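Just below is one structure, and these are the notes that go with it.
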Amino acid sequence: MIAKYSFPVVLLLALGTLAYFLNWNLLLSLDFSVVWEYRQVLLKGMLVTLALTACAAVAGLLSGTVLAIACQSNIAPLRWIVIAFVEIWRNTPLLVQLIWIHFALPLVTGINTTALESGVIGITLQAAAYFTEIVRAGIDSVPKGQWEAAYSLALPSWVRWTRIILPPAIRTMIPPLVNLTISFFKGTAILSILHVSELMTVTNRISNVTFKPVELFSFIAVLYFVVGILMSKGTLRIEYFLQKRER
312 MIAKYSFPVV
322 LLLALGTLAY
332 FLNWNLLLSL
342 DFSVVWEYRQ
352 VLLKGMLVTL
362 ALTACAAVAG
372 LLSGTVLAIA
382 CQSNIAPLRW
392 IVIAFVEIWR
402 NTPLLVQLIW
412 IHFALPLVTG
422 INTTALESGV
432 IGITLQAAAY
442 FTEIVRAGID
452 SVPKGQWEAA
462 YSLALPSWVR
472 WTRIILPPAI
482 RTMIPPLVNL
492 TISFFKGTAI
502 LSILHVSELM
512 TVTNRISNVT
522 FKPVELFSFI
532 AVLYFVVGIL
542 MSKGTLRIEY
552 FLQKRER
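The numbering used here runs 311 ahead of the 1-based position in the sequence shown.
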């Protein structure tokens, strides 16, 4: 009986304590009309953020799949190159990678890229590195007997991969793939260091003009939260659909 009512009591006490320490004068003075005033700019920033996320997810998944298959190769130098790429891009900060691509790479190669191009390259390469590990783990999860059956049928390599190995592997990969995509959706905010016109950058610019950072950043925090929740719910739908097909 005590355990039944303990959580509501603790929750009420926590909310009461929070309400006591809140600066109500500040909260009541907040003016969220700035969000409506700059709605078109914020919408464009969100669309850029979603486009960057989609680009990183699609290009990263395609590249990661190819690299994961290369990890299964019998050619040792090829495996070493893939492993080196994955380890370098997974174990260095995205911020450092972006700065190196945008500022250092042109000095070394003479190839200049715009801020948007540098951002896309950086986030896609890191996505490819992480997706490689997810796809590799998915491939390794395929039962050994299924591999043996695939080889015993003497099917062409591409048929073996597309019809027998990848379908069951994909089912195990979906949750981590979507979770990583959500992380990259939130991680696009770091592209503001290059002044790419994504949601965080445009919000910061509006804040500098209107001097209303609390309202603006509170609003985009809700946006990030809502989109993340929708993507998570989408994952559950996909998993349910795949399970239903198996029955």
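Think of the CB as a built atom: it goes at the ideal place given N, C-alpha and C, for glycine as much as any other residue. If you're wondering where the values come from, they're calculated on a predicted model, not measured in any experiment.
Test item: CB-CB of residue i and residue j under 8 Å
{"i": "G375", "j": "A439", "result": "yes"}
{"i": "I380", "j": "W472", "result": "yes"}
{"i": "I445", "j": "I476", "result": "no"}
{"i": "V431", "j": "C382", "result": "no"}
{"i": "V346", "j": "F536", "result": "no"}
{"i": "I485", "j": "T420", "result": "no"}
{"i": "N426", "j": "L541", "result": "In the sequence under discussion, the amino acid at residue 426 is Ala, which differs from the Asn named in the question. Their beta carbons are not under 8 Å apart, which means A426 does not touch L541 by this criterion."}
Which of helix, strand or coil DSSP assigns to residue i
{"i": "A465", "result": "coil"}
{"i": "G421", "result": "coil"}
{"i": "K523", "result": "coil"}
{"i": "S494", "result": "helix"}
{"i": "S452", "result": "coil"}
{"i": "E550", "result": "helix"}
{"i": "E509", "result": "coil"}
{"i": "L405", "result": "helix"}
{"i": "L333", "result": "coil"}
Residues near residue i by beta carbon distance below 7 Å, same chain, minus five either side
{"i": "T364", "result": "T492, F495, F496, T499"}
{"i": "M357", "result": "L510, L534"}
{"i": "Y441", "result": "R401, L491"}
{"i": "R447", "result": "A379, C382"}
{"i": "L389", "result": "A381"}
Nearest neighbour of residue i, chosen from the options [CA to CA]
{"i": "I412", "options": "E428, R401, N402, I399", "result": "E428"}
{"i": "E526", "options": "Y331, P319, Y349, A330", "result": "Y349"}
{"i": "V489", "options": "E459, I394, L510, S543", "result": "S543"}
{"i": "A362", "options": "L541, T514, S508", "result": "S508"}
{"i": "R548", "options": "R482, N515, L373, P478", "result": "R482"}
{"i": "V513", "options": "L353, I394, L333", "result": "L353"}
{"i": "F343", "options": "V538, F522, G545", "result": "F522"}
{"i": "V393", "options": "E550, T443, V538", "result": "T443"}
{"i": "P550", "options": "V320, P479, L418", "result": "Inspection of the sequence shows that residue 550 is occupied by Glu rather than by Pro. Ranking the options by Cα distance to E550, first place goes to P479."}
Own chain partners of residue i with C-beta closer than 6 Å, once the 5 adjacent residues on each side are dropped
{"i": "T403", "result": "none"}
{"i": "A368", "result": "T492"}
{"i": "A276", "result": "Outside the shown range of the chain, which is 312 to 558, sits residue 276, and nothing can be said about it."}
{"i": "S452", "result": "T483"}
{"i": "V359", "result": "S508, E509"}
{"i": "P487", "result": "I445"}
8 Å CB neighbourhood of residue i in its chain, flanking five on each side removed
{"i": "L405", "result": "G433, I434, Q437, G498, I501"}
{"i": "N515", "result": "S503"}
{"i": "V417", "result": "As written in the sequence, residue 417 is Pro, which differs from the Val given in the question. For P417, where only same-chain residues beyond five positions count, the Cβ hits under 8 Å are N423, T424."}
{"i": "W458", "result": "I476"}
{"i": "S518", "result": "P524, L527, F528"}
### Query
Which full runs of the alpha helix (DSSP H) of 4+ residues lie inside the region 337-387, going along the chain?
344-348, 350-382
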